[in-house]
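**Student:** When you line the sequence shown up against our numbering, it's residues 1019 to 1190, in that order.
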Amino acid sequence: GFIKGLFKDITGLKTDVTAEIQEKIAEDLREGDRKLSVSRDVQLEAGEETIIGIGVANRKSQQITYGVTLNFLQWQGEAEYTGSTPDCGEPGCDHITFFYDQTVNKDLSATESKVEEAIVSATGGATGNYQYEAIVCVLDKDNPSLAEEDCEGEDGTGVGVVYARESFFVRV
C-alpha cells in the first residue's frame, strides 16, 4: 500500500508539473504572437533530469510539417578545463542530454500550436551554465529536398528550412 501510494503521488506530481509547463509555454505563444517558445531557464543538479516544454505555433496560412532540433552553443564552466575534447566538438557539449521526438514529420494546421516535452539530463560531471538553441525546421512542400544548414540531418540529408529559433539556458 505505502509504495503504491508513493508511486501514485510521484506520477501525479509529474502530471501536474507537465501540465503547468505546457500551459506556460502555450500562454507564451498566444500572448507573444511567437512561432517558438522554450522553457528558458532550466535548473537541475548534476545527475538529475527534468522536463521542459517546447512550443511551436503555425503563423502561416497553410499547414506546415515541422521538426525541432536542440543544438549546443556554449558552456560557461570551469575556467581551467583540462579534459579532452569530446566527440561533439567542444568542452561541455556532452554534459547535458535531451530526449525528445526529433522527427520532421509533425503537422500543424494554420494558426494551430502544439507543446511538446523534452527530458533534460545532466551528467554527474556537469557544472556551470550551458546555452542551447532550439530550431524549428519546416519542410518546403514545393522543394522537399531544400535544406538550410541548421536543418540538415546528421547524414547531410535535407530536412527543411529554419522557421524559428530561440536560445535557452541549462544551469547545473
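Cβ atoms here follow ideal geometry from the backbone N, Cα and C, with glycine treated the same way.
Just so you know, these numbers come straight off a predicted model, no measurement behind them.
Can you tell me the Cα-Cα spacing of F1090 and Q1149, whole angstroms?
**Tutor:** The residue you call residue 1090 lines up with position 72 of the sequence shown. The residue you call residue 1149 lines up with position 131 of the sequence shown. Distance between the alpha carbons of F1090 and Q1149 is about 6 Å.
**Student:** Could you name the residues of the same chain whose beta carbon sits closer than 6 Å to that of E1166, not counting the 5 residues immediately before and after it, in chain order?
**Tutor:** Stepping through the sequence shown from its first residue, residue 1166 is reached at position 148. Contacts found: V1179 and V1180.
**Student:** Between E1098 and P1109, what straight-line distance do the alpha-carbon atoms span, to the nearest angstrom?
**Tutor:** Taking the sequence shown and counting its residues from 1, the one referred to as residue 1098 is at position 80. Taking the sequence shown and counting its residues from 1, the one referred to as residue 1109 is at position 91. Residue placement at E1098 cannot be trusted, given a pLDDT of 48 that sits under 50; what the coordinates show is reported in the next sentence. Answer to the nearest angstrom: the Cα atoms are 11 Å apart.
**Student:** Which value, in whole angstroms, describes the spacing of the CA atoms of N1076 and E1151?
**Tutor:** Position 58 of the sequence shown, counted from the start, is the residue given in the question as residue 1076. Position 133 of the sequence shown, counted from the start, is the residue given in the question as residue 1151. About 19 Å.
**Student:** From this set, G1065, R1189 and T1121, which residue's C-alpha is nearest G1143's C-alpha?
**Tutor:** In the sequence shown, the residue the question calls residue 1143 occupies position 125. Among G1065, R1189 and T1121, the Cα nearest to that of G1143 belongs to G1065.
**Student:** Kindly list the residues whose CB is nearer than 7 Å to the CB of T1036, restricted to its own chain and excluding five residues on each side of it in sequence; keep chain order.
**Tutor:** Working through the sequence shown from its first residue, we reach residue 1036 at position 18. Excluding positions up to five away in sequence, the list reads I1069 and E1135.
**Student:** Can you give me the start and stop residues for the beta strand (DSSP E) that Y1118 sits inside?
**Tutor:** Start at 1 with the first residue of the sequence shown, and residue 1118 comes out as number 100. No beta strand (DSSP E) holds Y1118; DSSP gives it neither H nor E.
**Student:** Roughly how many angstroms separate the alpha carbons of I1153 and G1146, rounded to a whole number?
**Tutor:** The sequence position of residue 1153 within the sequence shown is 135, counting from 1. The sequence position of residue 1146 within the sequence shown is 128, counting from 1. Using only the alpha carbons, I get a separation of about 23 Å.
**Student:** Using alpha carbons as the reference points, say which of Y1118, Q1080 and S1057 lies closest to D1207.
**Tutor:** In the structure as shown, the chain begins at 1019 and stops at 1190. Residue 1207 is therefore absent and cannot be evaluated.
**Student:** What's the gap between the Cα of V1060 and the Cα of V1188?
**Tutor:** What you label residue 1060 is simply residue 42 of the sequence shown in a count that begins at 1. What you label residue 1188 is simply residue 170 of the sequence shown in a count that begins at 1. Their backbone Cα atoms lie some 5 Å apart in a straight line.
**Student:** Starting from N1161 and walking both ways along the beta strand (DSSP E), at which residues does that stretch end?
**Tutor:** Counting from one through the sequence shown, the residue named residue 1161 turns up at place 143. No beta strand (DSSP E) holds N1161; DSSP gives it neither H nor E.
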